[in-house]
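In terms of numbering that gives the first Met the number 0, the sequence shown opens at residue 0 and continues consecutively.
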Amino acid sequence: MEKYLFRQMPRGYAGGWYAPIDEPVLGGLYGTCFDVEVAKEDDTYRMWFSWRPTRLIGHTTSKDGIHWEMPSVVLASVPGSDWEGYEVNRPTLVKRNGLYHMWYTGQTVSSEFTKASSSIGYATSVDGLNWERHPEPVMRPEYPWEKYALMCPFVLWDEENSIYRMWYSGGEQYEPDAIGYATSKDGIHWDRLENPIFVPRADSYWQCKKVTAPFVLEVDGGYVMYYIGFDGSGHSAVGAVCSEDGISGWTEHPDNPLIAGKDGSWDHNGICKVSIIEEESGGCKLWYNGCNRQREEIGILLKDEYHTMWGVEGAPVVEKQREPIEYQGPVEKKMWL
Numbered sequence: 000m001e002k003y004l005f006r007q008m009p010r011g012y013a014g015g016w017y018a019p020i021d022e023p024v025l026g027g028l029y030g031t032c033f034d035v036e037v038a039k040e041d042d043t044y045r046m047w048f049s050w051r052p053t054r055l056i057g058h059t060t061s062k063d064g065i066h067w068e069m070p071s072v073v074l075a076s077v078p079g080s081d082w083e084g085y086e087v088n089r090p091t092l093v094k095r096n097g098l099y100h101m102w103y104t105g106q107t108v109s110s111e112f113t114k115a116s117s118s119i120g121y122a123t124s125v126d127g128l129n130w131e132r133h134p135e136p137v138m139r140p141e142y143p144w145e146k147y148a149l150m151c152p153f154v155l156w157d158e159e160n161s162i163y164r165m166w167y168s169g170g171e172q173y174e175p176d177a178i179g180y181a182t183s184k185d186g187i188h189w190d191r192l193e194n195p196i197f198v199p200r201a202d203s204y205w206q207c208k209k210v211t212a213p214f215v216l217e218v219d220g221g222y223v224m225y226y227i228g229f230d231g232s233g234h235s236a237v238g239a240v241c242s243e244d245g246i247s248g249w250t251e252h253p254d255n256p257l258i259a260g261k262d263g264s265w266d267h268n269g270i271c272k273v274s275i276i277e278e279e280s281g282g283c284k285l286w287y288n289g290c291n292r293q294r295e296e297i298g299i300l301l302k303d304e305y306h307t308m309w310g311v312e313g314a315p316v317v318e319k320q321r322e323p324i325e326y327q328g329p330v331e332k333k334m335w336l
């Protein structure tokens, strides 16, 4: 019998984040909406998101980040494909020189002879709506720790070194276990590190089982990474760490987990992947998917200040705000994702 550290998961939000409304901004009649990527172009927010039960990638727009237009389909699975025949989801985008580059997760289901798997695909578009796919996945599981699934890519363009930098998740199909790192000159051919750069912590109750779904910000010459942590009973929350190179030397935010849902709310059962915009006018917006065991929907949080590094030389001191929670001992493994 597997056992993991267990404490009651903290509730609500920390690290300066707060909810402007107490309901989701996308979901409801549209069904399950999850794992978003949001960009701002002029005065319009654009969201690409994972959409079930149709198992495809949708797109919608908003003027305020709260009220969204009716979504449309922009990328669907490919029937008969050996890597994206069942579902496509979890997009990440980079816009360079007038062209949109999207990396996403393509998935298959188990059959009599094969296990379900996930790989990372690539597509380009001039408008973010009509996409031309690369025919093969640009990354498949290769190293032992990646097992059957690569998913949740997040990509930044490194202008100084003229490379794409990808943080991604690998491991089990639902949910992946750890976070890896890769680089590419063209977005298609990737050089990845053999081992994960960020793994679960056995001594940290809220992230002792799995860590996944990175979102990375360039901050003060370093990197802040938001990610999902799973506790031993299968509940999820979002925390943040910072690093000077985005690969090693990660320092946890003292208030982790920062986003853990609220009792009795639409997101009480778990918090998943985030997308963040630092506004030119100041402050940040964060979109995330929360769940209540019936469906996943998209919510929004605000933060009045920009991000800064913490725990490194010269960085401001971040004071801990959460009260410590008493350790309640190990529990049996229960996963209901």
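For glycine and all other residues, C-beta sits at the position ideal for the given N, C-alpha and C. As the structure is a computational prediction, the values presented were derived from the model and not from experiment.
Annotated three-state conformation of L257 is coil, per DSSP. For W16, the secondary structure class from DSSP, reduced to helix, strand or coil, is strand.
Put simply, the stretch 216-223 does not touch the stretch 196-205. Fewer than three CB pairs are less than 8 Å apart. Of all alpha-carbon atoms in N96, T123, L192, the one lying nearest the alpha-carbon of W166 is that of L192. Non-local C-beta neighbours of P78 in its own chain, meaning closer than 7 Å and more than five positions away in sequence, comprise G84, ordered along the chain.
Its Cα nearest to that of T43, the residue H66 stands out among V35, H188, D34, H66.
Around the beta carbon of E40, fewer than 16 other beta carbons lie within 10 angstroms, which makes this residue exposed.
The alpha-carbon of P52 is positioned some 7 Å away from that of G30. For the set E304, G233, E217, R139, the Cα lying nearest the Cα of G169 is the one of R139. Between W47 and P90, the gap from beta carbon to beta carbon is short of 8 Å. In this structure, the beta-carbon distance from Y99 to T60 does not fall below 8 Å. Setting aside the 5 residues that flank it on each side, L92 is surrounded in the same chain by E36, A38, W47, Y99, H100, M101, each with a C-beta closer than 7 Å to its C-beta; the list follows chain order. For G298, the uninterrupted beta strand (DSSP E) segment begins and ends at 295-302.
The straight-line gap separating the alpha-carbon atoms of L55 and A239 is approximately 28 Å. Around the C-beta of V273, 16 or more other C-beta atoms lie within 10 Å, and the residue is accordingly described as buried. Counting only the Cα atoms, L155 lies some 11 Å from S183.
Counting only residues of its own chain and dropping the five nearest sequence neighbours on each side, I187 has a CB closer than 8 Å to the CB of Y121, H133, V137. As summarised for the stretch 203-254, the continuous beta strand (DSSP E) elements at least 3 residues long and confined to that stretch are 209-218, 221-229, 235-242, given in chain order. Of the candidates V198, F197, D176, the residue whose Cα lies closest to the Cα of M150 is D176.
In the DSSP assignment, N288 falls within the unbroken beta strand (DSSP E) covering 283-290.
In its chain, beyond the 5 residues on either side, A259, G260, K261, D262 have a beta carbon closer than 7 Å to the beta carbon of R10. By a beta-carbon distance limit of 8 Å, P152 does not contact I178. Their separation comes to about 11 Å. DSSP assignment within the stretch 10-79 yields the following whole beta strand (DSSP E) runs of 3 residues or more, N-terminal first: 31-40, 43-51, 55-61, 71-74.
Only residues of its own chain outside the window of five on either side were considered, and among them M8, G269 have a CB closer than 6 Å to the CB of H234, listed in chain order. Beyond the five residues adjoining it in sequence on each side, S109 comes within less than 7 Å, by CB distance, of A115 in the same chain, given in chain order. Straight-line spacing of the CA atoms in M69 and E279 works out to 27 Å.
Counting every other CB atom within 10 Å of its CB across the protein chains shown gives R95 a total below 16, marking it as exposed. When rounded, the separation of the alpha-carbon atoms in K302 and D81 is 42 Å. Ranking S71, C271, E296, L300 by CA distance to the CA of E277 puts L300 first.
Collapsing the DSSP output to three states places E279 in coil. Here the alpha carbon of H306 sits roughly 22 Å from the alpha carbon of Q206.
Judged by DSSP in its simplified three-state form, E171 adopts coil rather than helix or strand.
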